[in-house]
Every structure is written in C-alpha cells, then in structure tokens.
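For reference, the structure is listed below as structure tokens.
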Amino acid sequence: MVNLTGFKKIDIAIFISGTGSNLLNLIKHSKLKNSKFSIKIIFSNNKKATGLKYAKKHRIPYKILNYENKKMAEKNSLSKLKEKKIKIICLAGFMKILSEDFIKRFKGRIINIHPSLLPKYKGLNTHKRVLKNKEKYSGCTVHLVNSKLDSGKIIIQKKVRVFKNDNPETLAKRVLKQEHKVYPIALNKLISNS
487 MVNLTGFKKI DIAIFISGTG SNLLNLIKHS KLKNSKFSIK IIFSNNKKAT GLKYAKKHRI
547 PYKILNYENK KMAEKNSLSK LKEKKIKIIC LAGFMKILSE DFIKRFKGRI INIHPSLLPK
607 YKGLNTHKRV LKNKEKYSGC TVHLVNSKLD SGKIIIQKKV RVFKNDNPET LAKRVLKQEH
667 KVYPIALNKL ISNS
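Written out as structure tokens, the structure reads:
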C-alpha cells in the first residue's frame with residue numbers, strides 16, 4: 487500500500503491478548519495520510535479477546551494461536567508473517583513471552599508497550615506496585631523486545647503524575663491515554679530509522 491505522500495507503507499503485524507485498545511488506536515493511525523505503516527494481520531493467543539472485534543470491523547485478517555503448544559504456535563505465526571511479508575511486529579497487550587528463537591528472527595523489529603517507566607516495574611501488576619511504593623510518577627514505555635522481559639532498548643517514554651487519591655484503575659486509565667499517544671509515534675520513529 488502507498489500512502490498519499492507517495493511513500494510505501496511498511497507492513498506490520500499486531501499481537502494481542504485482551505481488549506485491544508492499543509490495537510484500535512494503531513488501526514486508526516494506520517489510516518491517516520501520513521502514517522508509515524499498514525496492518526496486515528493480527529494474532530491473538532486468546533480466542534475470546536475482545537480486541538478481535540476490531541480486526542473483524544476493519545476487515546483485517548486475524549489468526550488465533552494455541553499457546554498450549556508454544557513451539558507450534560510460533561511456527562504457525564512465523565509462517566503467516568513470512569507469507570504476509572511482515573517487517574515489524576507490535577505487541578499490544580500480548581500476555582505471552584516470545585521465545586528467543588522467534589525474537590532473533592525479527593531482531594530489532596519487535597516492539598512492545600509497557601505501562602511503566604522502564605526499567606522500573608517490569609512484568610505484571612505495575613500500577614499496584616507503583617502505588618505501593620508511593621512513586622510520584624509513573625508512565626509508559628515503548629521498547630524493542632529482546633530475550634529479557636521488558637528490558638529492550640527504549641524508543642519512547644511518557645511520564646504521568648501519580649496522585650495521592652489514585653488507585654490502580656485510575657492510574658491505569660491515565661497511563662493508557664498516554665500509551666495511545668506514544669505507540670504510533672514510536673512505531674513511526676522505528677520505521678523512519680530502519
């Protein structure tokens with residue numbers, strides 16, 4: 487696909503597990519005239535992921551991966567990624583750990599969004615831990631994926647103030663707003679630097 491500025495858009499895949507709010511945001515951005523990417527396929531390890539409704543609504547092909555057999559799930563996804571000529575993978579709430587072999591095949595071309603200011607608060611239950619430690623700031627990070635959890639090179643971060651009356655849900659809501667702002671920026675930045 488060619489965007490209106492005459493540049494060929496980069497074909498990407500998105501991996502999800504849940505609600506798909508970052509997926510929907512990336513779909514919307516992919517349709518903008520200055521977008522540098524086109525979403526060719528969506529993968530989910532969860533056949534009940536509500537985010538799949540966005541794939542259906544926007545007529546983007548999707549595939550359910552059965553992670554009971556991780557090796558087979560990754561083999562199937564790699565086959566589809568090759569078939570679709572995917573250049574970049576975006577993890578958007580994908581709650582599975584990719585194997586080192588999978589990551590090597592897309593070295594420097596897999597990005598993830600995490601709801602903290604990495605390197606702080608890697609993994610799960612981020613907002614609860616931020617509040618427990620009485621942090622003044624939290625935020626989100628888009629980073630390259632490597633073989634260590636939430637440890638890849640940081641592409642972009644956005645800071646969010648933590649308020650005394652915050653609970654994990656209110657903080658998560660504010661952080662998510664920033665995720666929606668920075669993920670497409672980080673993706674376009676990665677494409678520009680490729």
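Under the numbering used here, the first residue of the sequence shown carries the number 487, and numbering increases by one thereafter. Even for Gly, the Cβ is constructed at its ideal location relative to N, Cα and C.
Within the same chain, Asn532, Ala535, Thr536, Gly537, Gly579, Met581 come within 8 Å of Gly504 by CB-CB distance, once the 5 residues on both sides are set aside.
In summary, Glu554 is exposed, with fewer than 16 beta-carbon neighbours lying within 10 Å of its beta-carbon over all protein chains present. As computed with DSSP, Asn598 is found in a beta bridge with Leu577, His629. Taking C-beta atoms under 8 Å as the contact rule, His613 and Pro654 qualify, at a distance of about 4 Å. According to the DSSP assignment, Arg660 belongs to the alpha helix (DSSP H) that extends over 654 to 678. Proximity of the region 612 to 630 to the region 587 to 602 meets the contact definition, three or more beta-carbon pairs being nearer than 8 Å. Under the three-state reduction of DSSP, Ile572 is assigned to coil, being neither helix nor strand.
For Asn562, the CB contacts under 8 Å within the same chain, skipping 5 residues up- and downstream, are Lys549, Leu551 in chain order. In the DSSP assignment, Asp587 falls within the alpha helix (DSSP H) that extends over 586 to 591. A straight line joining the alpha-carbon of Lys570 with that of Leu662 spans about 30 Å.
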